[in-house]
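The sequence shown runs contiguously to residue 58 in the working numbering. Idealized CB from N, CA, C, for every residue including glycine.
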Amino acid sequence: MGYKASPLTLNIMKKLNIKKVEEIKGFVYQFDKASIASLVPVVVESSKQDIYAKNIT
Numbered sequence: 002m003g004y005k006a007s008p009l010t011l012n013i014m015k016k017l018n019i020k021k022v023e024e025i026k027g028f029v030y031q032f033d034k035a036s037i038a039s040l041v042p043v044v045v046e047s048s049k050q051d052i053y054a055k056n057i058t
């Protein structure tokens, strides 16, 4: 079943230079907290256009 990716998802994928949504999970499990925290600016920027990101910030 396919879902439309949110702007937050698309921005994270762009930042991580990945092609599939499933790869985000791999990033989270593979890298340390500092690497994951580096996505905060993406979440903040995305919150301007994405309700899901806005609820995170």
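Going by DSSP, valine 22 is part of no alpha helix (DSSP H) at all; its letter is neither H nor E. DSSP, read as helix, strand or coil, puts lysine 16 in helix. Pairing lysine 5 with valine 22, the inter-Cα distance amounts to about 10 Å. Within a 10 Å sphere around the beta-carbon of alanine 38 sit fewer than 16 other beta-carbons, which makes this residue exposed.
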